[in-house]
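Input: a single structure, listed below in structure tokens.
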Amino acid sequence: MTVRGTQLLLPDGLSAAATADALAGQLPIVTQRAHVIERTFWDSFDGRVHEAGLALIDNAGGLTLADATTYAEAARGKRPGRSQRLLVDDLPPGALRERLAPLLEMRAVTPIARVRSRLLPVSVLDDEGKTVVRLRVEEASARLDGDTSAPLRPRLHLVGVRGYDDELERVHTLLAGTLGLSEAARPVQDDAVAATGGMPGGVSSKLRVMLRDGQRADSAAVVVLRELLATLEANLPGTLADVDSEFLHDLRVSVRRTRALQRELAGVFPAQPLRRFREDFRELQRITGRTRDLDVQLLEFDELERDLPPTIAPDVAPLRVLLEDHRSAQRRKMVRALRSESVRELRRDWSAFLDGLTEAGSADRPDAARPIGDVAGRRIVKVYKRMVRMGGAIDDASPHEALHDLRKQGKELRYLLEFFSSLYPAEVVKPMVGSLKALQDVLGRFQDREVQAIELRSLGDEVAALDGGAAALMAMGVLVQRLGDDQRQAREQFAERFERFAASEQRALVKRTFA
Amino acid sequence: MSTVVASYNIKGGVGKTSAAVNLAALAAAGGERVLLWDLDPQGAATFLLRVKPKIKGGGRRLVRGKSDTAALIKGSDYEGLDLLPSDFSYRNMDLALDATKRPTRRIAQVLAPLAVEYDYVFLDCPPAILLASESVFDAADVLLVPLIASPLSLRTFDQLQRFVAEEVRDGPRILACFSMTDGRKRLHRELIAELSATHEGVLRTAIPVASDVEQMAVHRSPITDFAAHGRAGRAYARLWSELRDRVDPVAAAATRRGATATRA
Chain A
1 MTVRGTQLLL PDGLSAAATA DALAGQLPIV TQRAHVIERT FWDSFDGRVH EAGLALIDNA
61 GGLTLADATT YAEAARGKRP GRSQRLLVDD LPPGALRERL APLLEMRAVT PIARVRSRLL
121 PVSVLDDEGK TVVRLRVEEA SARLDGDTSA PLRPRLHLVG VRGYDDELER VHTLLAGTLG
181 LSEAARPVQD DAVAATGGMP GGVSSKLRVM LRDGQRADSA AVVVLRELLA TLEANLPGTL
241 ADVDSEFLHD LRVSVRRTRA LQRELAGVFP AQPLRRFRED FRELQRITGR TRDLDVQLLE
301 FDELERDLPP TIAPDVAPLR VLLEDHRSAQ RRKMVRALRS ESVRELRRDW SAFLDGLTEA
361 GSADRPDAAR PIGDVAGRRI VKVYKRMVRM GGAIDDASPH EALHDLRKQG KELRYLLEFF
421 SSLYPAEVVK PMVGSLKALQ DVLGRFQDRE VQAIELRSLG DEVAALDGGA AALMAMGVLV
481 QRLGDDQRQA REQFAERFER FAASEQRALV KRTFA
Chain B
516 MSTVVASYNI KGGVGKTSAA VNLAALAAAG GERVLLWDLD PQGAATFLLR VKPKIKGGGR
576 RLVRGKSDTA ALIKGSDYEG LDLLPSDFSY RNMDLALDAT KRPTRRIAQV LAPLAVEYDY
636 VFLDCPPAIL LASESVFDAA DVLLVPLIAS PLSLRTFDQL QRFVAEEVRD GPRILACFSM
696 TDGRKRLHRE LIAELSATHE GVLRTAIPVA SDVEQMAVHR SPITDFAAHG RAGRAYARLW
756 SELRDRVDPV AAAATRRGAT ATRA
């Protein structure tokens, strides 16, 4: 049921009763009994529910997915257990799960704000005494830790009744015009998130930096690296608490991006500390690698299982248990390492290093004071050319490693384009990223399928020793074969994707834009 | 997918509209998304929900499929309950239906695009057994037949069951409930007890004759709004729960387990 509506801000300190009195002077209304509701709002760390214009509300054990502004219900379901973290798979089958699944994918939702509201419902009536617009005066407070709470600005909710759009418009105009009420820039739950020190809309791991063409290269590097460190720090608690697999993924991406920038802009850093940081970040990448591999195996497990003939699909169950066991063991190791003094020291020292970089002497930093446009452009051209050369040499007889190496360069180029996109015209960068992404998808599938197949094979002995191991082993054989087929398919698509990426117009464009 | 419940009887004045309006209101209060379609030319349900009957082009146009049905729907005073209002041109419904190519499919076709929006659709049917009725049989999952407690009305009910079984392919389930009963009359008590025990299609809950039901027209609202705890109000609540259990036991159990609605 589509419902239109909006939230208006009331002057601070205006009570619900005074608001109702003011409304009664302007409109034919009836006031209903005020009531108090407690709502807990849930969302993923990156705000996917928010992004979709929705709110996920826990109200006395039931979860409701609703419009973020009107709270018109989109789907509803039971909240399973008392867990403070829910994945789509934790939800019982039904409308709520169906709506959330494509939105959340692998991300978990957790409580992001608790709001206690006193609501005074007010109906605007027509001459038949029928409700044609619903108003609701809300006096809300955000619940903080312990027993404290922060009062939020009072609001007047305007909710349309279906088939009475003109009346809604009229009331809206009256409230905005005569009473001078302004529209709230964000719904009450966003205010509550902000009041508790959170970020309304969640924390994005997307890299968003604005650089200037003439900016010193070292200062530009610091801007990008600061942002990457912030992402790393933001994702660390969720990684340690194992909220969902994306925290570790995003943490690793920020480490990989940091390393790429250290390599590509080596000339802006002093050589000695750079060597140490490069080693330490490589180590950080290494200690998180195994857990991520197993995360990927488990995330893709359902899909692989679905691909199996239904008669043998259940046979792979022991494999999942084994993968989960391995993951737990690896995770324990990783958590210990991430909590270690050396990682703490790395984060501290790296931050301090970035703070002081632009002030440091530039004797051994030849690129430090050069304009970032020059330095970055040169690197982009170089990596692009290298890829064109490497890819051009790949034929049907080339070893797998040739494709893997090309993929590595592709990642490097992708990161360069992300770091420095603000320096170049979007109409060049966007299609270039597009053709690169299309190529990387194929190369990624080619490598991932190989890694997965190797992983599976390496588990053979262990699986064989389990209860139901023989059947699982046979099913795994089918899986390995499927992975091989997919890998071959990816390789077949390579030539066409590469051709687009390395087309002569594209080469000319790269030269014109970046050189 | 919505479940379509038609409040239906070829006789007038047996409590069809009261049943449709009160059950629709109870369903909405329980958190279901409900549409009430007032098919009765007298527009009693429309009047009870205080909606001014004004369909551009009239019912004739609607059933011919020329209007966008969704644009004609009106929200009621109750969250979760919408109304497709009646109009006096419904008097010509049978004619209009006859003019369309597949008259017996027409109501189902109008409802089809709304199926994702509503959990329940209640049809308040006019008393007639012409083409409109066949269109109702085609669209409804359940025919709820309010019966006056008399041996004669039971005979009518049997005839209806037979007709639907023989003439309508994949026809609706037919459930009867006694309406306007008088607990002081022995005939009523015995008839209800006997029939609900022997006939699978007869619901146990009977709606008593009560001034509260008549008062609906004075209050212009469902009984749940002003006399939820009176005899009739309680009976409708029982009837809704019994009907829901019959219609969709799985969903009913889930609703009982699940949370209260947060339509705030």
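Keeping their order, the protein sequence lines are chains A and B.
The numbering used here numbers the first residue of the first sequence as 1 and each following residue consecutively.
The numbering used here numbers the first residue of the second sequence as 516 and each following residue consecutively.
Cβ coordinates follow ideal geometry from the N, Cα and C atoms, glycine included.
Practice problem: Just mark B:Leu667 as buried or exposed, buried being the case when its beta carbon has 16 or more other beta carbons within 10 Å. | Solution: In the second sequence, counting from the first residue as 1, residue 667 of chain B sits at position 152. B:Leu667 comes out exposed.
Quiz item: So is A:Ala502 buried or exposed if we call it buried at 16+ other beta carbons inside 10 Å?
Solution: Taking the first sequence and counting its residues from 1, the one referred to as residue 502 of chain A is at position 502. Residue environment analysis places A:Ala502 among the buried positions, since at least 16 neighbouring C-beta atoms fall within 10 angstroms of its C-beta.
Self-check item: Option nearest A:Gly62 by Cα separation, candidates A:Pro431, A:Ala52, A:Gly47, A:Arg79
Solution: In the first sequence, residue 62 of chain A corresponds to position 62, counting from 1. Comparing Cα positions, the closest option is A:Arg79.
Practice problem: Measuring only between beta-carbons, confirm whether A:Ser123 sits less than 9 Å from chain B. | Solution: By 1-based counting over the first sequence, the position of residue 123 of chain A is 123. Yes, because at least one Cβ of chain B sits closer than 9 Å to the Cβ of A:Ser123.
Self-check item: Through-space distance from A:Tyr164 to A:Thr173, alpha-carbon basis
Solution: By one-based count along the first sequence, residue 173 of chain A stands at place 173. By one-based count along the first sequence, residue 164 of chain A stands at place 164. Distance between the alpha carbons of A:Thr173 and A:Tyr164 is about 15 Å.
Practice problem: Can you pull the chain B residues whose beta carbon is under 7 Å from the beta carbon of A:Val137, in chain order? | Solution: Translated into the one-based positions of the first sequence, residue 137 of chain A becomes position 137. Under the 7 Å cutoff, chain B gives no residues; its nearest Cβ is about 12 Å from A:Val137.
Quiz item: How far does the alpha helix (DSSP H) with B:Gly745 in it reach, from first residue to last?
Solution: Taking the second sequence and counting its residues from 1, the one referred to as residue 745 of chain B is at position 230. Unbroken run through B:Gly745: none, as it is neither H nor E.
Practice problem: Closer than 7 Å by C-beta to A:Gln330: which residues in its own chain qualify, once you throw out the five before and the five after it? Chain order, please. | Solution: Here the question's residue 330 of chain A lines up with position 330 in the first sequence. Cβ within range, chain order: Arg290, Thr291, Leu294.
Quiz prompt | From B:Gly527, B:Asp740, B:Gly530, B:Leu541, residue whose alpha carbon lies closest to that of B:Glu757 | solution = Working through the second sequence from its first residue, we reach residue 757 of chain B at position 242. Closest option to B:Glu757, Cα to Cα, is B:Leu541.
Practice problem: Show which residues of chain A have a CB atom less than 7 Å away from the CB atom of B:Val566. | Solution: Translated into the one-based positions of the second sequence, residue 566 of chain B becomes position 51. The contacting residues are Lys130.
Quiz prompt | Within-9 Å CB hit, A:His404 to chain B | solution = Mapped onto the first sequence, residue 404 of chain A falls at position 404. False, the Cβ-Cβ gap to chain B never drops below 9 Å.
Practice problem: Could you check the C-alpha separation between A:Asp307 and A:Arg407 for me, to the nearest Å? | Solution: Counted from its first residue, the first sequence places residue 307 of chain A at position 307. Counted from its first residue, the first sequence places residue 407 of chain A at position 407. Between the alpha carbons of A:Asp307 and A:Arg407 lies a gap of roughly 27 Å.
Exercise. Just list the beta strand (DSSP E) runs in the stretch 60 to 138 of chain A, keeping only unbroken ones of 3 residues or longer that don't cross its boundaries, in chain order.
Key: 62 to 67, 73 to 78, 110 to 125
Quiz item: What does A:Gly163 reach in chain B if we use C-beta pairs closer than 7 Å?
Solution: Position 163 of the first sequence, counted from the start, is the residue given in the question as residue 163 of chain A. Near A:Gly163 (Cβ distances below 7 Å), the residues of chain B are Ile588, Lys589, Gly590.
Exercise. Give the DSSP-derived three-state secondary structure of B:Ile663 in the structure shown.
Key: By 1-based counting over the second sequence, the position of residue 663 of chain B is 148. Three-state DSSP puts B:Ile663 in a strand.
Quiz item: Residues in its own chain within less than 6 Å of B:Ser648 by CB, not counting five upstream and five downstream?
Solution: Taking the second sequence and counting its residues from 1, one reaches residue 648 of chain B at position 133. Answer for B:Ser648: no residue qualifies.
Quiz prompt | For A:Gln84 and A:Thr148, the rounded distance between their alpha carbons | solution = Within the first sequence, residue 148 of chain A is the residue found at index 148, counting from 1. Within the first sequence, residue 84 of chain A is the residue found at index 84, counting from 1. For A:Thr148 and A:Gln84, the distance between alpha carbons rounds to 20 Å.
Quiz item: Rounded to a whole number of angstroms, what is the C-alpha to C-alpha distance between A:Leu156 and A:Leu228?
Solution: On the first sequence, position 156 is the one that residue 156 of chain A refers to. On the first sequence, position 228 is the one that residue 228 of chain A refers to. Near 40 Å, if we compare the C-alpha coordinates of A:Leu228 and A:Leu156.
Self-check item: Test: A:Leu103 CB closer than 9 Å to a CB of chain B
Solution: The residue labelled residue 103 of chain A in the question sits at position 103 within the first sequence. Not one chain B Cβ lies under 9 Å of A:Leu103.
Quiz item: Taking only beta-carbon atoms, is A:Arg497 less than 9 Å away from chain B?
Solution: On the first sequence, residue 497 of chain A is found 497 positions in, with the first residue counted as 1. False, the Cβ-Cβ gap to chain B never drops below 9 Å.
Quiz item: Tell me which same chain residues have a C-beta within less than 7 Å of the C-beta of A:Val429, skipping the five on either side of it?
Solution: Numbered from 1 along the first sequence, position 429 holds the residue referred to as residue 429 of chain A. Taken in chain order, the residues that qualify are Leu417, Ser421.
Practice problem: Would you give the residue range spanned by the alpha helix (DSSP H) that A:Asp374 belongs to? | Solution: Counting from 1 along the first sequence, the entry for residue 374 of chain A is found at position 374. Unbroken alpha helix (DSSP H) run through A:Asp374: 372 to 392.
Exercise. Measure how close the beta-carbons of A:Leu158 and A:Val133 come, nearest whole angstrom, since I'm counting them as under 8 Å.
Key: If you number the first sequence from 1, residue 158 of chain A lands on position 158. If you number the first sequence from 1, residue 133 of chain A lands on position 133. With a Cβ gap of about 7 Å, A:Leu158 and A:Val133 count as contacting.
Quiz item: If you measure from the beta carbon of A:Ala126 to each beta carbon in chain B, is any gap under 9 Å?
Solution: Locating residue 126 of chain A in the first sequence gives position 126, where the first residue counts as 1. Looking at the sequence shown, residue 126 of chain A is not Ala but Asp. The beta carbon of A:Asp126 falls within 9 Å of a beta carbon belonging to chain B, placing the residue at that interface.
Practice problem: Consider the Cβ of A:Gly5: report whether some Cβ of chain B lies at a distance smaller than 9 Å. | Solution: Taking the first residue of the first sequence as 1, we reach residue 5 of chain A at position 5. Not closer than 9 Å to any Cβ of chain B, the Cβ of A:Gly5 fails to qualify, so no.
Quiz item: In whole angstroms, what separates the C-alpha of A:Gly410 from that of A:Gly356?
Solution: As a working note, residue 410 of chain A is residue 410 in the first sequence. As a working note, residue 356 of chain A is residue 356 in the first sequence. Approximately 31 Å, taken between the alpha carbons.
Quiz item: In angstroms, rounded to a whole number, what distance separates the CA positions of B:His734 and B:Phe741?
Solution: Taking the first residue of the second sequence as 1, we reach residue 734 of chain B at position 219. Taking the first residue of the second sequence as 1, we reach residue 741 of chain B at position 226. Cα to Cα, B:His734 sits roughly 8 Å from B:Phe741.
Quiz item: Is DSSP giving B:Ser604 helix, strand or coil here?
Solution: Numbered from its first residue, the second sequence carries residue 604 of chain B at position 89. Interpretation of B:Ser604 is limited by its pLDDT of 42, a score under 50 that renders its predicted location unreliable; the figure taken from the coordinates is listed afterwards. Three-state result, B:Ser604: helix.
Self-check item: Helix, strand or coil at B:Tyr635 according to DSSP, with G and I counted as helix
Solution: Indexing the second sequence from 1 puts residue 635 of chain B at position 120. In this structure, DSSP gives B:Tyr635 an extended state, which the three-state scheme calls strand.
Quiz item: Which runs of the alpha helix (DSSP H) fall wholly inside the stretch 270 to 334 of chain A and span at least 4 residues, in chain order?
Solution: 271 to 307
Quiz item: At which residue ranges does the stretch 701 to 734 of chain B contain complete alpha helix (DSSP H) runs of 4 or more residues, listed in the order of the chain?
Solution: 701 to 713, 726 to 734
Practice problem: Spell out a yes or no on whether the stretch 466 to 476 of chain A and the stretch 520 to 527 of chain B are touching, meaning 3 or more CB-CB pairs, one atom from each, closer than 8 Å. | Solution: no
Quiz item: Would you say B:Asp558 reaches chain A, if we count a Cβ-Cβ gap shorter than 9 Å as a contact?
Solution: Within the second sequence, residue 558 of chain B is the residue found at index 43, counting from 1. First, the residue type needs correcting, since residue 558 of chain B is Gly and not Asp in the sequence shown. Taking Cβ atoms only, chain A never reaches closer than 9 Å to B:Gly558, which makes this a no.
Exercise. Could you confirm whether any beta carbon from chain B is found closer than 9 Å to the beta carbon of A:Arg155?
Key: On the first sequence, position 155 is the one that residue 155 of chain A refers to. Not one chain B Cβ lies under 9 Å of A:Arg155.
Quiz prompt | Reference B:Leu587; option with closest CA among A:Val161, A:Ala368, A:Leu274, A:Thr258 | solution = In the second sequence, the residue the question calls residue 587 of chain B occupies position 72. When each option's Cα is compared against that of B:Leu587, the closest is A:Val161.
Quiz item: Do you know offhand how far B:Ala534's Cα is from B:Tyr751's?
Solution: Your numbering for residue 534 of chain B matches position 19 in the second sequence. Your numbering for residue 751 of chain B matches position 236 in the second sequence. So the two alpha carbons sit approximately 8 Å from each other.
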